[in-house]
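Residue numbers (the numbering used here), protein chains in the order written: chain A, 4 to 468; chain B, 0 to 330.
What follows is a short report on a single structure.
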Amino acid sequence: MDVLLLSRIQFGLTTAFHILFPTLTIGLSLYLVILEGLWLCTKNDMYYRMYRFWIKIFAIHFAVGVVSGITLEFEFGTNFARFSQAVSNVFAPLMAYEGMTAFFLEAGFLGIMLFGWKRVSPAVHFLSTCLVAAGASLSAFWIMAANAWMQTPSGYVLVHGRFYVTRFWEVIFNPAFPTHLTHMLLASYETAAFAIAGISAWFLLKHRHEAFFRSSLSIALIMAAMIAPLQVVVGDLKGQNVARYQPAKLAAMEAHWDTNTQGGAPFVAFAFPNMAAEKNYCEITIPDMLSLLITHSLRGEVRGLKTFPPEDRPNAAVTFWTFRVMAGIGFLLAGVMLWAGLLAVRKRLFDTPLFLKTLVVVQPLGFVATVVGWITVEVGRQPWAVYGLMRTRDSVSPIVAGNVLWSLGMFLILFAVLGSSYFYFTLKVLRNGPDADGPATHLEILPPASGKTETTKAAGLEVGP
Amino acid sequence: MNLIHIWVFLVGLVVILYVMLDGFSLGVGLLFPGAANRAEQDVMVGAIAPVWDANQTWIVFGGGALFASFPMIYTVLFSALYIPLFTFLFGLIFRGVAFEFRANSHKKHVWNRAFFGGSLAAAFAQGVTLGGYIEGIRVKAGMFAGGPLDWLTPFSVMTGVALTAGYMLLGATYLIIKTTGPVQERAYRQAVVAGGAVALFLCVVGIWTPYHNPEFVANWLSRPRIYGVWVFPALSVTSFVLLFLHLKKRSEIQPFIWSLMIFLSAYLALQSAIYPCAILPDISVAEAASQRETLIFMLWGVVLILPVVLGYVLYSYRVFRGKIAYGDGYE
Numbered sequence: 004m005d006v007l008l009l010s011r012i013q014f015g016l017t018t019a020f021h022i023l024f025p026t027l028t029i030g031l032s033l034y035l036v037i038l039e040g041l042w043l044c045t046k047n048d049m050y051y052r053m054y055r056f057w058i059k060i061f062a063i064h065f066a067v068g069v070v071s072g073i074t075l076e077f078e079f080g081t082n083f084a085r086f087s088q089a090v091s092n093v094f095a096p097l098m099a100y101e102g103m104t105a106f107f108l109e110a111g112f113l114g115i116m117l118f119g120w121k122r123v124s125p126a127v128h129f130l131s132t133c134l135v136a137a138g139a140s141l142s143a144f145w146i147m148a149a150n151a152w153m154q155t156p157s158g159y160v161l162v163h164g165r166f167y168v169t170r171f172w173e174v175i176f177n178p179a180f181p182t183h184l185t186h187m188l189l190a191s192y193e194t195a196a197f198a199i200a201g202i203s204a205w206f207l208l209k210h211r212h213e214a215f216f217r218s219s220l221s222i223a224l225i226m227a228a229m230i231a232p233l234q235v236v237v238g239d240l241k242g243q244n245v246a247r248y249q250p251a252k253l254a255a256m257e258a259h260w261d262t263n264t265q266g267g268a269p270f271v272a273f274a275f276p277n278m279a280a281e282k283n284y285c286e287i288t289i290p291d292m293l294s295l296l297i298t299h300s301l302r303g304e305v306r307g308l309k310t311f312p313p314e315d316r317p318n319a320a321v322t323f324w325t326f327r328v329m330a331g332i333g334f335l336l337a338g339v340m341l342w343a344g345l346l347a348v349r350k351r352l353f354d355t356p357l358f359l360k361t362l363v364v365v366q367p368l369g370f371v372a373t374v375v376g377w378i379t380v381e382v383g384r385q386p387w388a389v390y391g392l393m394r395t396r397d398s399v400s401p402i403v404a405g406n407v408l409w410s411l412g413m414f415l416i417l418f419a420v421l422g423s424s425y426f427y428f429t430l431k432v433l434r435n436g437p438d439a440d441g442p443a444t445h446l447e448i449l450p451p452a453s454g455k456t457e458t459t460k461a462a463g464l465e466v467g468p
Numbered sequence: 000m001n002l003i004h005i006w007v008f009l010v011g012l013v014v015i016l017y018v019m020l021d022g023f024s025l026g027v028g029l030l031f032p033g034a035a036n037r038a039e040q041d042v043m044v045g046a047i048a049p050v051w052d053a054n055q056t057w058i059v060f061g062g063g064a065l066f067a068s069f070p071m072i073y074t075v076l077f078s079a080l081y082i083p084l085f086t087f088l089f090g091l092i093f094r095g096v097a098f099e100f101r102a103n104s105h106k107k108h109v110w111n112r113a114f115f116g117g118s119l120a121a122a123f124a125q126g127v128t129l130g131g132y133i134e135g136i137r138v139k140a141g142m143f144a145g146g147p148l149d150w151l152t153p154f155s156v157m158t159g160v161a162l163t164a165g166y167m168l169l170g171a172t173y174l175i176i177k178t179t180g181p182v183q184e185r186a187y188r189q190a191v192v193a194g195g196a197v198a199l200f201l202c203v204v205g206i207w208t209p210y211h212n213p214e215f216v217a218n219w220l221s222r223p224r225i226y227g228v229w230v231f232p233a234l235s236v237t238s239f240v241l242l243f244l245h246l247k248k249r250s251e252i253q254p255f256i257w258s259l260m261i262f263l264s265a266y267l268a269l270q271s272a273i274y275p276c277a278i279l280p281d282i283s284v285a286e287a288a289s290q291r292e293t294l295i296f297m298l299w300g301v302v303l304i305l306p307v308v309l310g311y312v313l314y315s316y317r318v319f320r321g322k323i324a325y326g327d328g329y330e
């Protein structure tokens, strides 16, 4: 095992583990904004209790997301020092801006969100929730800009293997960025909406806290109904963007080997792509469909993977299948929302057990789609670290493999412990359910203590009311 | 002052802010096993619960700022100090989730241990990282060129222990401000012991470092530095005297302030010896800096955004000011 392979495995593992958590918290923070807004507008304590229930889930995910995310920023230096040094002028400021604009916002106001109920006014508390949500989405803005730049670099000059900035505006708003960011933000909102919907449906099927979870489910479904179809549209735009700027990636994703010279390119619905043989086994195709999807015409030309030198081709088997799983989930979730729409028209949303059961089953699919989607993006970028300009194999740090073997082993142990504990505690919070009877403690605001002897009531870490 | 000097100052500022702020959070974690019962543990955790995340964020920003302003330091240092840096990160992971998991768990002792263990690993590894940095790193053609265990020396182990003691001092003096009763009582005693240990370690570091790096002495004695550097040991000695005096007088705020001053004086003394070196022994800050346009782009962020950040971080501290009472949760 060499340093490069081990470092790539480690980076892939740590990012895949990390992304699960922000995916939920970005969407869930928006949901919390909606809940608190509704509570302040309607003065209905149900919304307050909903907030207090869902923030427990938020807090657990946020904690794991924060600590697993810190390592990523360090791994650029520890494991990919050559990459980091080459791209630092262009790439690193985006990381620094993410810290300045997003992480501080989240960390600074999370304390008030969790522990500040009696210490600030409801308006300030609401503002804190909004700022945490804004911080979460801003973080996505910068990190997607950085990743999109690796996909479609622009706004730079390359001198002796080192990138220099010409225009930061072009670095940030590179060609892949708009669809890249929108796709990820929508994925977060959609994943969170379906997670909330699945959990709520589970409670409704058990006939526990029905009024509470009907309300939770309704808001989540409205969120999902707006986003799920939009995500399909953005996905289509993203596909066209990839076709234009990363044609090798598109050809690999679609297992499309030969450029269509006469007639349209077929869409491969099922196949086992083989890189060595440069062909697909057991393929099922739909004629002209790929041309239609990519060029929006039946005859449009789509470049095949064989037109690229073998050393410049990303792995078709991996990208083909991960992409199909992701897109399949996207369509499935959009279909579920179509069904929800029909049920809502007939006012049968809450008493169709099959629909509720479906929501429970599809609940984790948003997370699956996010992770496999990222695998498509990143494996599809190979063999480049910076698309077309710097190879991944030239990116790695001058360190020994033993270092990486050690840290990778530690991560595996750590993630096993962290993952199972996180899962256990999330289930525990869910099993305990919401506090339906407790008073809504928004009325009294304690003055903060100032003297030496006076004490305010505050200790421990319990978030619950 | 040119752009590079501004960034030397800014990165230096972020690093010391992190060290002082997360230092007291980690210090509370280090003192955690001293708590006699559940109520005392809850008070100790409660003292830092609303602010630890913002404190920790300074290193996240620091990492990004270092990457963007002095990429050579970022890449060389992080490759060279791979093992201590990851140990530090693993420590932060355990410390961070312990807050959240502890609150939800019936088996609190498991996450109590994770809280202490994580804080210890993070504090010690930071000290080792510092030691490894001071000892110098082998660089060839702008890249790390040494072995994986170059950092492991008696000196770096000593700086690891020294920084751990330092964080205990910060944690204890912070607890004096935030708590009452038995936890505060113990914190006074712990502060005296930790303060003594820090004084001892600073003497050892003060003798050992110049022995290790003779160029430090040359730097200190060179003009115009010689006119200024005596301030730092003087500040350090004054801070120690006032720390112990105020601990004896049972002041609540002063011991923390003087502990911070001890950190600040040691840090400035070190920086004044290293400057203008970026990576010891011979890479200068000018060589290690990034492109001018990048430094300017980042400076805009610092000028426009960082004051706002400081504003709301201070606001958050204000919201959670006051003592932590026993046996009650945040509402």
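All residues carry an ideal CB built from backbone N, CA and C; glycine is no exception.
According to DSSP, residue pairing for Ser283 (chain B) in a beta bridge involves B:Cys276. Counting only residues of its own chain and dropping the five nearest sequence neighbours on each side, Leu7 (chain A) has a CB closer than 7 Å to the CB of Arg396, Val399. Sequence-distant Cβ neighbours of Ala279 (chain A) in its own chain, meaning closer than 8 Å and more than five residues away, do not exist here. Between Met147 (chain A) and chain B, the shortest Cβ-Cβ separation is not below 8 Å. Using beta-carbon distances, Asn111 (chain B) does not count as an interface residue toward chain A, since no partner is under 8 Å.
Its chain contains Met157, Val160, Ala161, Ala164, Gly165 as the residues whose beta carbon lies nearer than 8 Å to that of Phe200 (chain B), once the 5 sequence neighbours on both sides are disregarded; these appear in chain order. Listed along chain B are Ser78, Met142, Phe143, Ala144, each with a C-beta nearer than 8 Å to that of Pro401 (chain A).
Scanning its chain for C-beta atoms nearer than 6 Å, with the 5 sequence neighbours on each side dropped, one finds no residue around Asn150 (chain A). Rounded to whole angstroms, the gap between the alpha carbons of Gly242 (chain A) and Arg384 (chain A) is 14 Å. Distance from Asn54 (chain B) to Leu84 (chain B) at the Cβ level is roughly 19 Å; contact not present, criterion being Cβ atoms closer than 8 Å. Beta-bridge pairing by DSSP links Pro276 (chain A) to A:Asn283. Measuring C-alpha to C-alpha distances from Thr194 (chain A) to each of A:Phe428, A:Gly436, A:Ile29 identifies A:Ile29 as the nearest. Counting only Cβ-Cβ distances below 9 Å, Arg217 (chain A) has no contacts in chain B at all, with the closest Cβ about 26 Å away.
By DSSP's assignment, Phe143 (chain B) forms a beta bridge with B:Val138.
Judged by DSSP in its simplified three-state form, Trp150 (chain B) adopts coil rather than helix or strand.
Residue-level contact by beta carbon holds for Thr74 (chain A) and chain B, with a gap shorter than 8 Å.
Looking at the backbone, the Cα of Arg37 (chain B) and that of Gly95 (chain B) are separated by about 19 Å. For Phe69 (chain B), the closest C-alpha among the options B:Ala324, B:Arg320, B:Ala285, B:Leu305 is that of B:Ala285. For Glu134 (chain B), none of the residues of chain A pass the 8 Å Cβ criterion, the least Cβ distance being about 18 Å.
The three-state reading of DSSP puts Trp229 (chain B) in coil, since its state is none of H, G, I, E or B. With contacts defined as CB atoms closer than 8 Å, Thr179 (chain B) and Ala46 (chain B) fail to qualify as a contacting pair. Chain order gives no chain A residues near Phe239 (chain B), where near means a beta carbon separation below 7 Å; the closest approach is about 25 Å. When beta bridges are read from the DSSP output, Tyr167 (chain A) appears opposite A:Val160. In summary, the residues of the region 88 to 101 of chain A whose CB is separated from some CB of chain B by less than 8 Å are Gln88, Ser91, Asn92, Val93, Ala95, Pro96, Met98, Ala99, Tyr100, Glu101, in the order they occur in the chain. Across the region 289 to 309 of chain A, no CB contact with chain B closer than 7 Å is found for any residue. For Ala251 (chain A), the enclosing alpha helix (DSSP H) begins and ends at 250 to 256. Counted as a single uninterrupted DSSP element, the beta strand (DSSP E) harbouring Trp387 (chain A) occupies residues 387 to 389. Ala110 (chain A) reaches chain B at Asp52, Ala53, Thr56, counting residues in chain order whose Cβ is nearer than 7 Å.
Per the DSSP secondary-structure output, Val271 (chain A) pairs in a beta bridge with A:Thr288. For the set B:Leu65, B:Arg112, B:Ile15, the Cα lying nearest the Cα of Leu30 (chain B) is the one of B:Arg112. In the three-state scheme derived from DSSP, where H, G and I count as helix and E and B as strand, Arg222 (chain B) is classed as coil.
In this structure, the straight-line span from the alpha carbon of Lys59 (chain A) to that of Arg317 (chain B) is close to 24 Å.
For Met103 (chain A), there is no enclosing alpha helix (DSSP H), as DSSP marks it with neither H nor E.
Identification of chain B residues near Lys431 (chain A) by a Cβ-Cβ cut-off of 7 Å yields Asn103, ordered along the chain.
Around Met297 (chain B), the same chain offers Ala67 as residues with beta carbons nearer than 6 Å, after the five sequence neighbours per side are excluded.
As the crow flies, the alpha-carbon of Met142 (chain B) is around 11 Å from that of Phe77 (chain B).
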